[in-house]
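Letter by letter, the sequence shown follows residues 1 to 104 of full-length UniProt numbering.
The C-beta atom is built at its ideal place from N, Cα and C for all residues, glycine as well.
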Amino acid sequence: MSEDKEKYLSPEWCMVDDQGQRYMLPKTMIFMGHEECDFIIEGSSVDKRHAVVTFDHYLNKFKIKDLSTIHGTFINDVRIPEQEYITLEEKYTIRLGFYILCLI
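Written out as structure tokens, the structure reads:
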């Protein structure tokens, strides 16, 4: 495949939890939390609607936004600002409360 074509292909990324379970990321907006979300995470450290992940077709990358949570959302152990989209890169570690995911 030519290099020009490759740069326009959307990445097929998934998140992997600490037990090796893989979750494919759709190229739409998904809400993460422990109630009525697309990606349900059990645990008291995760808010009902904790974060949102969306795909930026212009950048060809996923982005995440913390939804003003108590325990926060972290990328590579750094807390991200509330209500601000942060671009995700491959192999980033994402933590929602005490729940850890890796983007591959």
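Mind checking which residues open and close the beta strand (DSSP E) that includes Y23?
In the DSSP assignment, Y23 falls within the beta strand (DSSP E) that extends over 22-24.
Minimum C-alpha distance to V53 - residue among Q19, D18, I94
Looking at the Cα atoms, I94 is the closest of the given residues.
Hey, H71 and G97: beta-carbon distance below 8 Å or not?
Going by beta carbons, H71 and G97 fall inside the 8 Å limit.
Give the DSSP-derived three-state secondary structure of C37 in the structure shown.
The answer is coil: DSSP assigns C37 none of H, G, I, E or B.
Ends of the beta strand (DSSP E) at Y99?
First-last of the beta strand (DSSP E) with Y99: 99-103.
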